[in-house]
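What follows is a short report on a single structure.
Residue numbers (full-length UniProt numbering): 1 to 457.
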């Protein structure tokens, strides 16, 4: 076979033919030496030539019996990934011309125009070019990228881009289901913090609408749970599944919250992460509390999913309980007690404690006693007015210092009155100056009263 007949557009077909001829007839002339020599120049192929060769692979490399074809496929995939990772090392990946020979070098810098350079700088320039790949080949490409330590953040972005393009296409539902399953499995292989949280919620909505298996949805929820501190309350407001009377999908929120707090995948060393998730759950409680179809056990489960140590204040929790108990006034006392038993009086503000003590919706056993009420109010007042304590301390200290100075000066004046003419003269001079300052006949009690602030006298 002449080398001129080989090109990136037919090498895959020839490899497949070579495998077939060797299976059918051992005496047939082998094409492998020619193909192997041709593939030595694969690194000089343009980006378009690589893409065209990959398109040919999709319909030919389905059988594992085509071992040589599989080798060629891996060579093309490896070169594709190298070109994606280092687009500037070899010439412009966008340069493509039917007039070129397959061996034309594409390393001429003059072939790269300004628009191509700006595209190469972007980490996602290749996304659109690989959307045509079938999900089986996408799986091979992504697994190869992961094995080559490709940037997980870029890989996850491509997977979401590919999945969205596939979802909007006219593909059959079975194909969309298979694509979604593969994308979920590939995402689970990535570093969880490299995955955008919002895109996971969108993927979960698609998986729910396609009725993906519970196993695959569990994988999504594990990823969402580990990234829950990046979510907002809007992400959690999901409609209840078909057949449920709830306004929102409470079970989903319980599962992802449980993963965040107890799944072990998230490192809860950051207090800010805990605060964000607890605040988000309290907002969700306020959203679902008015739902007349929400069962007491489900509302209680939402409350208890957060470890008590993670809550700094119970004010928002109390408001949610208050709404729920007033909307669900018909629930039993036992159910009310179970819901209210998580409320800690010492974590309530003074205003919340006062409101609770007069709230008829709460069982009397859950209300604070008088002494607890006073302790909570005093504790709250001390915390809120700690700056006043420092102010009083400084004012009292200044007052007593002034008292000591005035008493000392008064004693010196009395001593000077008995020191003779010169002493009398000096005393008279000092007395004259004292008259200018007003009342100089101060006692300890009067001084103390004089120097105290008006709101303390």
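Where is the CB? At the ideal position from N, CA and C, for every residue including glycine.
Residue burial annotation: residue 174 is exposed, with fewer than 16 other C-beta atoms found within 10 angstroms of its C-beta. In the same chain as residue 336, and ignoring 5 residues on each side of it, the C-beta atoms closer than 6 Å to its own belong to 363, in chain order.
The shortest CA-to-CA distance from residue 72 to any of 11, 153 and 346 is the one to 11.
Taking residue 139 as reference, the option from 289, 188, 125 and 124 with the minimal CA-CA separation is 188.
A Cβ-Cβ distance of about 20 Å is found for the pair residue 252 and residue 307, leaving them out of contact under the 8 Å criterion. Sixteen is the threshold: since fewer than 16 other Cβ atoms of the shown chains lie within 10 Å of the Cβ of residue 232, the residue is exposed. Across the structure, residue 304 and residue 281 are spaced so that their CA atoms are roughly 11 Å apart. In the DSSP assignment, residue 248 falls outside any alpha helix (DSSP H), carrying neither H nor E. Residues of the same chain with a CB within less than 7 Å of the CB of residue 344, apart from the 5 flanking positions on each side, are 314 in chain order. Residue range 350-357 is occupied by the alpha helix (DSSP H) that includes residue 355. Note on residue 211: under 16 other CB atoms within 10 angstroms of its CB, so exposed under the neighbour-count rule. Assigned with DSSP and collapsed to three states, residue 239 falls in strand. One thing to note: residue 131 has its Cβ no nearer than 8 Å to the Cβ of residue 145. Runs of alpha helix (DSSP H) with 4 or more residues, each lying fully within the stretch 115-178, are found at 135-147 and 152-167, listed in chain order. Taken atom to atom, the span from the alpha-carbon of residue 150 to that of residue 159 is near 13 Å. About 5 Å separates the Cβ atoms of residue 79 and residue 42, confirming a contact at the 8 Å cut-off. Counting along the chain, residue 321 sits inside the alpha helix (DSSP H) bounded by residues 315-327. In the structure shown, residue 40 falls within a coil segment according to DSSP collapsed to helix, strand and coil.
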